[in-house]
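So the sequence lines, in the order shown, correspond to chains B, W, Y and L.
Residue numbering for the first sequence is 6 to 353, as defined by the working numbering.
Residue numbering for the second sequence is 6 to 353, as defined by the working numbering.
Residue numbering for the third sequence is 593 to 926, as defined by the working numbering.
Residue numbering for the fourth sequence is 593 to 926, as defined by the working numbering.
Cβ atoms here follow ideal geometry from the backbone N, Cα and C, with glycine treated the same way.
Please read these numbers as outputs of a predicted model, since none were measured by experiment.
Taking it in order: structure first as structure tokens, then the write-up.
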Amino acid sequence: MTPQGVRVRDDTFDPLIADVSPEQLLQLHEDLVVVRRIDTEATALQRQGELGLWPPLLGQEAAQVGSARQLRSDDFVFSSYRENAVAYCRGVQLEDLVRVWRGTASSGWNPFDVGMATPAVIIGAQTLHATGYALGCKKDGVDSVAVAYFGDGATSQGDVNEAMVFAASFQVPVIFFCQNNQWAISEPVGLQARRPIADRAPGFGIPSIRVDGNDLLAVMAATRSAIERARTGGGPTFIEAVTYRMGPHTTSDDPSRYTDPAVQAEWAAKDPILRFEAYLEGLGFLTEERRAAVAATADDVARRFRAGCLGLENPEPLTVFDHVYATPNSWLDRQKSQYASYLEMYGE
Amino acid sequence: MTPQGVRVRDDTFDPLIADVSPEQLLQLHEDLVVVRRIDTEATALQRQGELGLWPPLLGQEAAQVGSARQLRSDDFVFSSYRENAVAYCRGVQLEDLVRVWRGTASSGWNPFDVGMATPAVIIGAQTLHATGYALGCKKDGVDSVAVAYFGDGATSQGDVNEAMVFAASFQVPVIFFCQNNQWAISEPVGLQARRPIADRAPGFGIPSIRVDGNDLLAVMAATRSAIERARTGGGPTFIEAVTYRMGPHTTSDDPSRYTDPAVQAEWAAKDPILRFEAYLEGLGFLTEERRAAVAATADDVARRFRAGCLGLENPEPLTVFDHVYATPNSWLDRQKSQYASYLEMYGE
Amino acid sequence: MSEKLTLAKAIGSGLRRALEDDPSVVLLGEDIGKLGGVFRVTDGLQQRFGADRVMDTPLAEAGILGTAVGLAFRGYRPVCEIQFDGFIYPAFDQIVAQVAKLHYRTGGAVRMPITIRVPYGGGIGAVEHHSESPEAYFTHTSGLRVVTCSTPQDAHSMIREAIACDDPVLFFEPKRRYWTAGEVDEEFVGLPMERARVVVEGSDVTLVAYGPLVATALDVAAAAAEDGVSIEVIDLRSLSPVDFGTVEESVRKTGRLVVAHEAQQFGGLGAEIAATVTERCFVYLEAAPARVTGFDVPYPPAKLEEHFLPDLDRILDAVDRVMGRENSLTGWRA
Amino acid sequence: MSEKLTLAKAIGSGLRRALEDDPSVVLLGEDIGKLGGVFRVTDGLQQRFGADRVMDTPLAEAGILGTAVGLAFRGYRPVCEIQFDGFIYPAFDQIVAQVAKLHYRTGGAVRMPITIRVPYGGGIGAVEHHSESPEAYFTHTSGLRVVTCSTPQDAHSMIREAIACDDPVLFFEPKRRYWTAGEVDEEFVGLPMERARVVVEGSDVTLVAYGPLVATALDVAAAAAEDGVSIEVIDLRSLSPVDFGTVEESVRKTGRLVVAHEAQQFGGLGAEIAATVTERCFVYLEAAPARVTGFDVPYPPAKLEEHFLPDLDRILDAVDRVMGRENSLTGWRA
Ligand SMILES: Cc1ncc(C[n+]2csc(CCOP(=O)(O)OP(=O)(O)O)c2C)c(N)n1
Ligand SMILES: Cc1ncc(C[n+]2csc(CCOP(=O)(O)OP(=O)(O)O)c2C)c(N)n1
Ligand SMILES: [Mg+2]
Ligand SMILES: [Mg+2]
């Protein structure tokens, strides 16, 4: 698809998405709009002091929605912190998206409820977890797949490279989904890699695809081809979705220190949502009514999201000791009991 | 060069070694024979209880001598434990080769005396050190190069992959010299990599060469091309020298548990020394007298090596505290003084 | 029912039982398959259970542990072998930031029943990185359990208990005692993994040791007895949590504590034991607790290790110190 | 001559001086260049000294430290920034097995004058891995020096001393005090880096703190004074080695010791301080040394950190304990 929303023919990938119906396209459009709305709302919540931090995904909606929507509920996602649209697509509840950022919990949701692990903050660590999970799928003889989401910066970490070694060696059904959003905080991707990131994987024996990450349909097709390979015993695939982080790294960041406004503008023109809307309009699918309905949905989601966030309760003091161990631990139990007596004495 | 010692024409590499004189060829032959003799002697010393352990290099002589002899004294080598032929070529004293294995010191030599760091036992760690050293060379504006030696197994380590990331990013004069000897202890190289190891580097933006590691001249040529690139600002190169570990991993190992005698025999037929000798004989350089002289030299080296080894003195007890810090440390100084008083009391 | 086994073989038989009893147990490591591990602890297991359950992995410790985390997410109980103590550090991030924290991080939703086997300690004349005692790095890490063993029976029982435990367990194997032989009964139900064992009763001094130094501590008790000093030897077994109940009870009786370990002194486990015992038994103490440990230097070359390692004489010297007898520090001036 | 600076800017000015004074000093880290670091500590340095001396590196901590080792071999003095405490673990192997050991391993031939800057500690409401206090892992590692600071002047002087030191130094920066302002004199020659400082003199209790908790300790002293308890506050500054001379002298006077740190208790630095002080000052002690620390749990989510972190009240409670006054454990039963 061109930035103007005109589809370009591709004999490999077109058949993979030939079955997508107009309703599905419109549903995907709604996803894009909603996740952007959630993202904007979260940024606003942070600015208002309701969240400690927020990592915006502005510009990466197509990469995340386009990939995550291809997964089955029995697949499993291991992501980084920025994949809030992926989490949304996996069915994570709205308020669960912000528990971590509001500081009320270390994890927003139960990973087994949605088939998505608690996001990893240590860059790259989750790629090995995805590989191990996929190894488990293979052992179990099921055709579920594991997907690791990570950024361009993460590709420099030893863990990510070891994940490729293990995935290739064991030929497990894992998909390495790299969103190359051109930045690792202030560092341009050129500092991490002198060649396109997708070129790395083949040397490990892993086929790779470089896809326009701002082109929803292209992302869908690439993901489907990787899933197909994984489900049928073909082993891992590496996908580089080339996209752009249109906002700051997080709400704490000041990108004006290191970005070039001209480049920002260039990428703004390639906005994945505008592009998809142009495409849908070209097909006559995206009517004014539909737009209005989607906007209303997004507003409603945002409202519920905000309410959910503000309604999150602070954890009880003594829960600081919970779940360190799954089995009783004499040392910690004593510490907890002593702190309970402390709280009692000082009247909390 | 074929296993029978017949040279195969190669338009890229031939010019790189066109200047090698007959005397130089014979000197290289002597190196090969001598390092094998040292290696055999060390194994014998270990069997006799004079060394705690020894990692034989049997079969890898051409890869090590062929590469190390191309370096200048101002270049710097960062190796693993098996590169004893490299150390020999760097000018390490005979007895210094075994201090570590006899347990009298943690390092056999002063790295700055010979341009070679104390070998790393933690697999792969030294590749980053070589990269950092090369970065220093670049900063200093000199044309020295750093060489990292490591094995096929090491390529699975995060450190080695990070070294490639850093080397490519900073474009530093480092050579990654991987001896693929087909084994990491009992693990065949196929477990680490499903593609030839040399295929890994290009994805990082590092040109690579796969060379027959049992062909001395081919190794020389490959190394020279990498050095040339490094000295002239062309950045890193990755060399995979395909060779074979003909002996055990170390003297503690029992390869009969995991090797196939047929494969061992196949590689015995590709012995790098026999092959080089066949080549020299074909050229008429290797006379019976020369053979005898080389054998005598090797015997002499072995004798001096053994004597040097047996003559190594045990360190004084209190030296256990030396060189932990370069500057005085109150805690450790006190501990040392207390132990001195202990030794005094108990009469040691 | 019982059989005489070396400590190494007792662990091997424990692994075999774990593999038999629970299909979710898988072994991961370098050279654990055909070779049976460099110490042959896993000898024969791949042959018996297949390469699917006893897996040789690529040479990367972070990779092994990170893969184990993913397997645990999928319901497996991975048992990871780190070939030697000194090779655990590349996996440090996966262990302390992932394995140790995931249960807490997920609010208890995800369990990490991962066992990490680590042959550890010195005294075998090895080269660098092959003789380390890194336990304190892990005992200081919340979310991990850390255990070690000193007898074949414990080795067998505790590895099985570690694997069956729903928490991650660092299982430190005293490699210089791998060849110690003893009776092993697979059905024997002894002390739970978390409990310390009073190995020898005594009344004058409590001597706490674990892993490789328990045998040394027994020698100390014997030698001291000849000298008229009655030593109570405690084999700690669990290093995190420490069974302070057992230690305290002993110290309340003896009034004196000596702790011995191979690991370096500064910030070692001995500091925690001395500090906690002092907190809880202050009024019972006749003397300050003494520590006998490796020195605060990197593990030295083989020809110096006898000086680094706490031995009979150094521990006896500390016993003299807490007994107020003449000892090497009597005349010493800082 | 002197200038009012925040602690963060005082480190920045120390780095600037180091870069000016010694051409072998180079800075390595993630986002330290154009961005000036996520805390702006290196703000303006790349502009001033060039991208050759203030280098943004690829996103890999082992890579940063390993590269620094190579640079040290080549005669450089690398200063590595670890962006947050919790991101140091991927570099753990390079730090404990390489940086810490190379001088020993090479028999003194090779020096590792590497400074590792680590913003550390909690109290800023951050997400996971951004509030850790990992100092005990490094103080237990022979071959490393570990320091921290609590005032802008110390921050400035000590970072320069750390960089000039021929040993590797972990330089822990108390990130929640980055915005504390104070006078900084570039020419001021104060206590050497290894020395602890008595910040407030007192006679009843010795309170040892470091880094972020020194400010809290001062509040404690003030509050206790109102209550009639005289507290001597010691800012440790060097965590390895610890200046026990200064601590001992104080405890001999007060007879009571409280140690406070944010790091988890079990095997934390407090254990070493309590154990060593007990060894050396046993007969002077009126009560068992008390520790006030983070609990033995992973650093909790932001809304719980006030419970995790030692604060004025918890330290005062420990003061009451060593003073034999009523405290939270008075009625407590295990
Ligand atoms: C091991 C580790 N080192 C450093 C950081 C600090 N950090 C957080 S995000 C980030 C940049 C990540 O870039 P990238 O992988 O491209 O992902 P993106 O933020 O662009 O989605 C860094 C350096 C971290 N979280 N973990
Ligand atoms: C980090 C680390 N893990 C494990 C080991 C144990 N070990 C020593 S040598 C070796 C195999 C190395 O294989 P390779 O890199 O191919 O080198 P080679 O021995 O064949 O020369 C292993 C696993 C180690 N030294 N370091
Ligand atoms: Mg990015
Ligand atoms: Mg090999």
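Do residue i and residue j have their C-beta atoms within less than 8 Å of each other?
i: Y:Phe665; j: B:Tyr138; result: yes
i: L:Gly672; j: L:Gly621; result: A quick correction: the sequence has Cys, not Gly, at residue 672 of chain L. Yes.
i: L:Thr870; j: Y:Ala866; result: yes
i: B:Arg205; j: W:Gly208; result: yes
i: Y:Glu864; j: L:Ala863; result: yes
i: Y:Val889; j: W:Val105; result: no
i: Y:Val710; j: Y:Ile751; result: no
i: Y:Asp903; j: Y:Thr808; result: yes
i: B:Leu5; j: B:Phe310; result: Look at the range of chain B in this structure, 6 to 353, and you will see that residue 5 of chain B is not part of it.
i: L:Ala879; j: L:Arg848; result: yes
i: W:Cys142; j: W:Val150; result: yes
Cβ of residue i versus every heavy atom of ligand 1: is any distance shorter than 7 Å?
i: L:Gln675; result: yes
i: B:Val105; result: no
Using C-beta distances below 7 Å, list every residue in its chain close to residue i, excluding the 5 sequence neighbours before and after it, in chain order.
i: W:Ile278; result: Leu37, Val38, Arg41 and Glu66
i: W:Pro116; result: Ala122 and Thr123
i: Y:Leu908; result: Val812, Ala815 and Ala816
Closest to residue i by CA distance: which of the options is it?
i: L:Ala652; options: B:Arg309, B:Asp157, B:Glu321 and B:Arg236; result: B:Asp157
i: B:Thr45; options: B:His34, B:Val11 and B:Ala90; result: B:Ala90
i: L:Phe900; options: B:Lys144, B:Glu321 and B:Val247; result: B:Glu321
i: L:Ser594; options: L:Glu778, L:Glu854 and L:Thr885; result: L:Glu778
i: L:Arg844; options: L:Pro833, L:Leu799 and L:Gly859; result: L:Leu799
i: W:Tyr263; options: W:Glu271, W:Trp272 and W:Pro253; result: W:Pro253
Strictly under 8 Å for the Cβ-Cβ distance: is residue i near chain W by that measure?
i: Y:Leu627; result: yes
i: Y:Phe631; result: no
i: L:Thr698; result: yes
i: Y:Ala610; result: no
Using a Cβ-Cβ distance cut-off of 8 Å, determine whether residue i contacts chain B.
i: Y:Glu786; result: yes
i: Y:His732; result: no
i: L:Phe763; result: no
i: L:Asp648; result: yes
With respect to 7 Å, is the separation between the Cβ of residue i and the closest non-hydrogen atom of ligand 3 below this value?
i: B:Asp327; result: no
i: W:Asp44; result: no
Nearest chain Y C-beta to residue i closer than 8 Å, yes or no?
i: B:Val170; result: yes
i: B:Lys144; result: yes
i: B:Pro241; result: no
i: L:Val688; result: yes
i: B:Asn89; result: no
Below 7 Å, is the gap between the Cβ of residue i and the nearest heavy atom of ligand 2?
i: W:Asn186; result: yes
i: B:Ile244; result: no
For residue i, collect the residues of the same chain with a Cβ closer than 8 Å to its Cβ; drop the 5 residues on either side in sequence, then sort them by chain order.
i: L:Ser830; result: Arg737, Val738, Val739, Met785, Glu786, Arg787 and Ala788
i: Y:Gln745; result: Ala602, Gly774, Glu775, Val776, Asp777, Phe780 and Gly782
Using beta carbons (cut-off 8 Å, strictly below), is residue i in contact with chain L?
i: B:Tyr249; result: no
i: Y:His899; result: no
Beta carbon of residue i: closer than 7 Å to some heavy atom of ligand 4?
i: W:Ala189; result: yes
i: W:Arg250; result: yes
i: W:Gly156; result: yes
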